[in-house]
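*Asks:* In short: position in the sequence shown from 1, add 30, done, that's our numbering. Got a structure for you, questions after.
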Amino acid sequence: MNLSIRQLQAFREVMRTGSISDAARALNRTQPAVSAMISSLEEELGLALFERQRGRLARTPEASYFLVETEAILERLVRTSRTMQELSNLQEGQLRIACMPASSQFLIPKLVADFVKDKPKVKVSIMMRASSVIEEWVASQQYDLGLAEMPAPNSAINTIPLDMSCVCALRVDDPLAKKKQITPKDLCGKPLATLQEEHPNLLATRKVFEKHGAKFNARFELRNFQPALKLVEEGLCYSICDPMTADSYFEYKMTNPELTFRPFTPKVMLSVGILTPSQRPASLLTNAFIEILHQHLLNIDNKFSK
Numbered sequence: 031m032n033l034s035i036r037q038l039q040a041f042r043e044v045m046r047t048g049s050i051s052d053a054a055r056a057l058n059r060t061q062p063a064v065s066a067m068i069s070s071l072e073e074e075l076g077l078a079l080f081e082r083q084r085g086r087l088a089r090t091p092e093a094s095y096f097l098v099e100t101e102a103i104l105e106r107l108v109r110t111s112r113t114m115q116e117l118s119n120l121q122e123g124q125l126r127i128a129c130m131p132a133s134s135q136f137l138i139p140k141l142v143a144d145f146v147k148d149k150p151k152v153k154v155s156i157m158m159r160a161s162s163v164i165e166e167w168v169a170s171q172q173y174d175l176g177l178a179e180m181p182a183p184n185s186a187i188n189t190i191p192l193d194m195s196c197v198c199a200l201r202v203d204d205p206l207a208k209k210k211q212i213t214p215k216d217l218c219g220k221p222l223a224t225l226q227e228e229h230p231n232l233l234a235t236r237k238v239f240e241k242h243g244a245k246f247n248a249r250f251e252l253r254n255f256q257p258a259l260k261l262v263e264e265g266l267c268y269s270i271c272d273p274m275t276a277d278s279y280f281e282y283k284m285t286n287p288e289l290t291f292r293p294f295t296p297k298v299m300l301s302v303g304i305l306t307p308s309q310r311p312a313s314l315l316t317n318a319f320i321e322i323l324h325q326h327l328l329n330i331d332n333k334f335s336k
């Protein structure tokens, strides 16, 4: 069976008006064209939908039943067309984001809030996990995109890489806050809050201290940098953290911040990536958000590098 939308539209209009001529006028088609569509529809169905009585059409019981099906089909087509239009206009869809701790409290939620403010039909899932878990989720297509520390090469993942310059967190009243940049010698022997042992950021920071002959004093070890900032506020230590954490600090300490951040030199980089599944193309919605996220990360890195 090979029914066409035009056949169904012609049938519905004939049922509504009760005549071929009125249906033709409503559809802006010729009477022969509408008559031919009805005839071909009856042939496809193997049923008589109308009987000709005294120059008018009389619907058969089968036509009344088929009208219900026709209305449902045409309504589904209208809804589908509307949905696809909304998808193309980024007004409908789902966005599933997995993100690392540094971006989970303020950065991603704020970007998502701005992104969906005028998109009431867009649904969003945001999950915070360790980078290794995010990599698994994206590779298995459980999530549309992830923001994580740079993974090892993986054929199941597409990656937009970004190296971000770490900064030194210190109290605003610390004498070192007068400096434009902080060096290993400035922090020689001073207590630090760092990430856990064997983390690439910790290894890179320790290496820089060793290279410049500065004593590396890791007093506090944490899984991420956000709780480290509270220790710095209490005057217990310094922390060489990623700029996403620094930027998030000012989201919840907009007035009277107790900390400031200075570029750390020589640079210690945190390599992050925006991850998407390579086994299927990203949706228009996902690509639009990725563009915003990527630019925002570049802006943050630039903001704290000066």
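By construction, the Cβ of each residue, glycine as well, lies at the ideal position given by its N, Cα and C atoms. Since we're looking at a predicted model, the values are computed, not measured.
From S185 to S308, what does the alpha carbon distance come to, in whole angstroms?
*Replies:* Spanning the two alpha carbons is a distance of roughly 7 Å.
*Asks:* Where do the ends of the beta strand (DSSP E) carrying D331 lie?
*Replies:* Run containing D331: none in the beta strand (DSSP E); it sits in the alpha helix (DSSP H), L314 to S335.
*Asks:* Which residue wins for smallest C-alpha separation from M299, given the options K241, F41, L222 and A234?
*Replies:* The residue with the shortest Cα to Cα distance from M299 is A234.
*Asks:* Could you give the distance in angstroms between the alpha-carbon of D277 and the alpha-carbon of V152?
*Replies:* Spanning the two alpha carbons is a distance of roughly 27 Å.
*Asks:* Can you pull the DSSP bridge partners for P221?
*Replies:* According to DSSP, P221 bridges with N247.
*Asks:* Using DSSP's beta-bridge definition, name the partner residues of L137.
*Replies:* In the DSSP output, where bridge partners are listed per residue, L137 has none listed.
*Asks:* First and last residue of the beta strand (DSSP E) that includes V197?
*Replies:* Start and end: V197 to R201.
*Asks:* M157 and P131 - do their beta-carbons sit closer together than 8 Å?
*Replies:* Contact flag unset, no.
*Asks:* Excluding five sequence neighbours on each side, which residues of the same chain lie with their C-beta closer than 8 Å to the C-beta of A207?
*Replies:* Excluding sequence neighbours, A207 sits near L200, R201, T290 and R292.
*Asks:* Curious, which full-length alpha helix (DSSP H) runs of at least 4 residues does the segment 34-96 contain?
*Replies:* Taking only runs of at least 4 residues, the alpha helix (DSSP H) segments lying wholly in the segment 34-96 are 35-47, 50-57 and 61-75.
*Asks:* When we look at the beta-carbon of S161 and count the other beta-carbons within 10 Å, is it buried (16 or more) or exposed?
*Replies:* Classification for S161: buried.
*Asks:* Between the beta-carbon of Q256 and the beta-carbon of Q135, is there less than 8 Å?
*Replies:* Cβ atoms of Q256 and Q135: closer than 8 Å.
*Asks:* S70: which of G219, V238 and L38 sits nearest, CA to CA?
*Replies:* Nearest option by C-alpha distance: L38.
*Asks:* Measure the C-alpha to C-alpha separation of A20 and L77 and round it to an integer number of angstroms.
*Replies:* Since the first residue shown for the chain is 31 and the last is 336, residue 20 is missing from the structure and cannot be characterised.
*Asks:* Grouping DSSP H, G and I as helix and E and B as strand, with all else coil, what is M274?
*Replies:* Three-state DSSP puts M274 in a helix.
*Asks:* Which of helix, strand or coil does DSSP assign to Y173?
*Replies:* Three-state DSSP puts Y173 in coil, outside helix and strand.
*Asks:* Counting along the chain, where does the beta strand (DSSP E) carrying V154 start and finish?
*Replies:* Per DSSP, V154 belongs to the beta strand (DSSP E) from K151 to M158.
*Asks:* Is L300 helix, strand or coil by DSSP?
*Replies:* Here L300 sits in strand by DSSP.
*Asks:* With a threshold of 16 other CB atoms inside 10 Å of the CB of R112, please say whether the residue is buried or exposed.
*Replies:* Counting Cβ neighbours within 10 Å, R112 comes out exposed, since fewer than 16 surround it.
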